[in-house]
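With full-length UniProt numbering, letter number 212 in the sequence shown gets 212, and the count goes up by one each step, no holes.
C-beta: ideal position from N, C-alpha, C; glycine also.
Before any comments, here is the structure.
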Amino acid sequence: MHDYDLTRKGWFETALQFADVIGHVSNYPYAYLYGMFLALSGHTIGRSAFIRYATPIYPNHFICLVGDSGIHHKSTAINLGLDVWGDMADEYQPIRSLTTSQGLLLAMSKQEGHTIVVLDELASMLSKKRQDFAADLMSRIVELYGCPRVAGNYTRNDPIEVKEPFLSFISASTTEWLRASVTNQDLMAGFGNRMTFILGDPRGDRPWPLLPSWEPFDWERLSSFKGEIRLDDDARALWNEDYLAFQAFQVKSSPFLRVMSERIPEKILKACIVICAWEGTDIVDAEILE
């Protein structure tokens with residue numbers, strides 16, 4: 001297992017600035033911070049920007065930081081990331097517990113459909129799915145990943161309808177808890193390939209955490225970013241080449257691995273929207289795509 005360290009190409013300028021603010025505080029993997037930055041940035045953009053890939057792709061991310069308790073400091077990375085998000089965390093009011101599909105839709109209806117779920121332990125939600133009152137929670141989360149035009153629970157007594165929903169999902173778990181609470185059926189049914197499970201090595205012991213290097217982030221600039229994002233000719237050529245190589249890999253893979261990997265192209269496009277928003281461009285060039 002290797003960390004997505006700062007030498008990787010994906011660390012564009014603003015993501016590096018995010019890592020500079022909190023990367024030194026504790027020994028969590030840098031990969032956690034990259035995932036947090038994509039998720040928080042994508043949620044700030046919302047449905048305002050998209051890439052049309054048959055249907056519109058929006059920049060919402062479902063992430064789960066995976067690591068050992070007390071060693072990887074998953075919750076520390078999550079909470080510091082929310083601190084850097086600043087006023088946006090106050091505006092969007094993350095949901096910190098999730099029990100039922102009805103409860104999720106109700107919370108989304110009160111937030112005009114734009115909702116972020118933040119769970120310190122994903123297994124606490126997954127354990128509820130075995131109970132009758134929460135049996136449809138996983139399928140609802142899978143549905144909302146695709147940002148449908150409308151989502152609802154149309155019961156006779158208490159109907160709920162959410163128009164233009166946008167759901168982001170940040171969570172954490174140990175490997176042991178995931179194995180105990182997630183079945184192969186859950187993964188193959190769509191939850192597994194929508195969630196990005198982020199792993200990495202802790203960066204040595206840190207007996208005493210350091211202070212963040214607080215710097216203001218212009219999150220408002222993402223809120224005003226709007227419109228359709230397109231790939232230029234060079235990016236399309238690179239996309240076509242990599243996509244064909246990816247499909248060749250998929251054909252040779254086991255059915256389980258094939259299902260778990262099938263949304264990688266979609267996740268790449270979601271990341272491209274975030275990078276374009278920070279760079280203030282509506283064109284994905286080959287450098288951004290790489």
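- Taking the alpha-carbon positions, what's the threonine 55 to proline 207 distance? 49 Å
Shortest alpha-carbon distance to leucine 122 belongs to which of Lys110, Leu98, Ala39?
Leu98
Exercise for review: Leaving out five residues on either side along the sequence, give the residues of the same chain with a beta carbon under 6 Å from the beta carbon of phenylalanine 18.
Suggested key: Phe37
- DSSP on phenylalanine 246, reduced to helix/strand/coil? helix
Q. For alanine 54, does the three-state DSSP call read helix, strand or coil?
A. coil
Leaving aside the five residues before and after isoleucine 268 along the sequence, list all residues of the same chain whose C-beta is less than 8 Å from its C-beta, in chain order.
Leu289
For methionine 260 versus glycine 192, is the C-beta distance shorter than 7 Å?
yes
C-beta contact flag for histidine 43 and serine 223 at 7 Å
no
*asked:* Along the chain, where does the alpha helix (DSSP H) containing valine 66 start, and where does it finish?
replied: Note, valine 66: premise wrong, no alpha helix (DSSP H); beta strand (DSSP E) at 62-66.
In the structure shown, what three-state DSSP assignment does histidine 43 receive?
helix
Can you give me the C-alpha to C-alpha distance between glycine 35 and isoleucine 22, rounded to a whole angstrom?
14 Å
Report buried or exposed for tyrosine 28, applying the criterion of at least 16 other Cβ atoms within 10 angstroms of its Cβ. buried
Rounding to the nearest angstrom, what Cα-Cα distance links serine 75 and phenylalanine 62 in this structure? 16 Å
Going by the CB atoms, is the gap between valine 25 and proline 209 shorter than 7 Å?
yes
message = Just to confirm the assignment, what range does the alpha helix (DSSP H) spanning threonine 175 have?
response = 175-181
Next item on the list: For valine 117, name the three-state secondary structure that DSSP assigns.
Entry: strand
Is it buried or exposed for valine 84, if we count other Cβ within 10 angstroms and need 16 for buried? buried
Candidates Trp219, Ala15, Pro212, Val142: which alpha carbon is nearest glycine 190's?
Val142
Applying the criterion that 16 or more other CB atoms from any shown protein chain within 10 Å of the CB defines a buried residue, is serine 254 buried or exposed?
exposed
Legend entry - Contacts around arginine 161, its chain only, beta-carbon distance under 7 Å, and the 5 residues preceding and following it disregarded: Per the sequence presented here, residue 161 reads as glutamate, with arginine not at that position. Once the five neighbours on either side are set aside, the close Cβ partners of glutamate 161 are Val150, Gly152.
Between the C-alpha atoms of residue 329 and glutamine 250, what's the straight-line distance to the nearest angstrom?
-> Only positions 1 to 290 of the chain appear in this structure, which leaves residue 329 out of reach.
*Taking all protein chains shown into account, decide if lysine 270 is buried (16 or more other Cβ within 10 angstroms of its Cβ) or exposed.*
buried
Tell me whether glycine 190 sits in a helix, a strand or coil according to DSSP, three-state version. helix
Problem set entry | Beta-bridge pairing of isoleucine 160 - partner residues as DSSP gives them | Asn153
Requested in this report: Measure from the alpha carbon of asparagine 240 to the alpha carbon of each residue in Leu104, Ala286, Trp214, then state which is nearest.
Outcome: Ala286
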